[in-house]
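Read the structure below first, then the notes.
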Amino acid sequence: YEKKLILERLRAQKAEDPIGKEAYELPVEEVYRPEIAEQIPDQKNVNFCGFRVRMRADALPEGDYRVGILMRNRVHRQKLYDFGVMLFHAGPGKAAQTEA
50 YEKKLILERL
60 RAQKAEDPIG
70 KEAYELPVEE
80 VYRPEIAEQI
90 PDQKNVNFCG
100 FRVRMRADAL
110 PEGDYRVGIL
120 MRNRVHRQKL
130 YDFGVMLFHA
140 GPGKAAQTEA
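For the sequence shown, our numbering gives the first residue as 50, with consecutive numbering after it.
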């Protein structure tokens, strides 16, 4: 699967900002997570589930974002996505890095 992080802006920070659906797809770097396999030994290949995203702190408009993952099957082109409960805040002075 090809993975991408999805950040969907929830609300505008200033009254003059447009309020609408804004979503950003970010490429992810896969991270090997052997401790996950130890925690759920009945599952296969879960140690390959980790990922990391790096971006500039000013890459997104200031605001709160819902965090999701998009997975695309490289063979069948099927797309799967889901949003979790984690929120991300982009703004001045904030480090823009998420690891899962």
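Idealized CB from N, CA, C, for every residue including glycine.
| Query | Result |
| --- | --- |
| Leaving out five residues before and five after L59 in sequence, what residues of the same chain have Cβ atoms less than 8 Å from its Cβ? | G112, D113, Y114, R115, L136 |
| Could you tell me whether the stretch 118-128 touches the stretch 86-99, where touching means 3 or more Cβ pairs closer than 8 Å? | no |
| Check for me: the beta strand (DSSP E) holding I89 runs from which residue to which? | I89 -> no beta strand (DSSP E), and no H or E assigned at all. |
| Looking only at C-alpha atoms, which of K128, L109, Y81 sits nearest to C98? | Y81 |
| Kindly indicate which residue of L75, Y50, K128 has the alpha-carbon position closest to the one of R105. | L75 |
| Label V134 either buried or exposed according to how many other C-beta atoms from any shown protein chain fall within 10 Å of its C-beta, with 16 as the threshold for buried. | exposed |
| How long is the line joining the alpha carbons of V77 and R123, rounded to whole angstroms? | 15 Å |
| Verify whether the separation of the beta carbon atoms of E51 and K70 is less than 9 Å. | no |
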